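Quick note, the numbering used here runs 13 ahead of the 1-based positions in the sequence shown.
Here a beta-carbon is modelled for each residue, glycine too, at the ideal position from N, C-alpha and C.
Computed from a predicted structure; not experimentally measured.
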Amino acid sequence: MTHALVTQDQIDSYRRDGVVMIGGLFADHVDALRAGVAANMEHPGPYASENRKEGQSGRFFDDYCNWTRIPEFAQVIHDSPAAEVAADLMGSQTVQMFHDHVLVKEPGTSMATPWHQDRPYYFVEGAQTVSFWSPLDPVTDATLRCVAGSHLWEKDVLPTRWVSEEGFFADDGQYMPVPDPEAEGMRILEFPMQPGDAVAFSYRTLHGARGNVSDTRRRAFSLRLLGDDARYVQRAGPTSPPFPGHGMQPGQRLREDWFPVIWRRDG
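Here it is in structure tokens:
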């Protein structure tokens, strides 16, 4: 049995396209997430960033790995149906927590979220992965944009730093350069969304978002989860998030004291 929010057609779309929208996934938790974002912005963590290139307007704040210190985030992770829905989409018997991510674009923010895949930044490999991106304000132009089928590309896209556009690692032929999906005629999926809706996408799905030229804020909460086949992998340099001192070896499941299993399928 799948969760009531998920149909077989959505599961099929997720596996074919690497992205699907799940309406109302966090609908009962919007106020808690807004309170958590406010707490996060008032007391940023060590990985918080202010993303702005020279000459750009507005404020683009992001921060991650705060769920263990912000009670509202922990509550939503445990009480929402996100983990069960993730298991359905991934075809996984277990769901393991990876990390949370907050992204806030204030009104008039010109900087776009650059096109990227998540997996090359992470020390995780495996087909069973899912990120949920949920706006806490209505979105149209500043919604998430995903390239359908990019999770099946032969090579990952070179991870780059958002502001400087420098590569995280030297390009040794393992990665492909960051494409221009519009210029190259790729199939881009994007969804007008209400607070609490969520886009689910694979860690390998190429995605980005426009700047926020509206006169209202665009707050978004992301949740990154792992399935049965997720394993630690050594990258060519520092990862983001780094999780210093983790002590894991290539091929191991992520340590459950840091990355707890938050859902198991009965039976």
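Contact check for G36 and D210: beta-carbon distance about 5 Å, within the 8 Å limit, so the pair qualifies. Its chain contains Q187, Y188, M189 as the residues whose beta carbon lies nearer than 8 Å to that of K168, once the 5 sequence neighbours on both sides are disregarded; these appear in chain order.
H114 sits in a strand when the DSSP states are folded into three classes. Sequence-distant partners of V143 (beyond 5 residues in either direction) whose C-beta falls short of 6 Å from its own C-beta, in its chain, are A99, L102, M103, A213, L238. In the structure shown, V19 falls within a coil segment according to DSSP collapsed to helix, strand and coil. Under a 10 Å Cβ-count criterion, P205 is classified as exposed, with fewer than 16 other Cβ atoms of the shown protein chains found around its own Cβ.
A residue is called buried once 16 or more other Cβ atoms fall within 10 Å of its Cβ, and M14, having fewer, is exposed. Cβ contact annotation for G264 (same chain, cutoff 6 Å, sequence separation greater than five): R244, in chain order. Around the beta carbon of T81, a 10 Å sphere encloses fewer than 16 other beta carbons of the protein chains shown; the residue is thus reported as exposed. Going by C-alpha positions, D30 is about 8 Å away from V160.
Straight across, the Cα-Cα distance linking D22 with V32 is about 12 Å. Sequence-distant Cβ neighbours of Q69 in its own chain, meaning closer than 7 Å and more than five residues away, are S123, M124. In the three-state reduction of the DSSP assignment, S123 falls in the coil class.
Its chain contains F39, H42, A45, L46 as the residues whose beta carbon lies nearer than 7 Å to that of V89, once the 5 sequence neighbours on both sides are disregarded; these appear in chain order. Three or more Cβ pairs closer than 8 Å define a contact, and the stretch 192-200 falls short of that threshold against the stretch 72-86. Boundaries around H220 are those of the beta strand (DSSP E), 220-222, since no alpha helix (DSSP H) includes it. In this chain, the beta strand (DSSP E) harbouring L239 covers 231-239.
Annotation for F86: the continuous alpha helix (DSSP H) segment containing it runs 84-92.
Here M34 is bridged, per DSSP, to V212.
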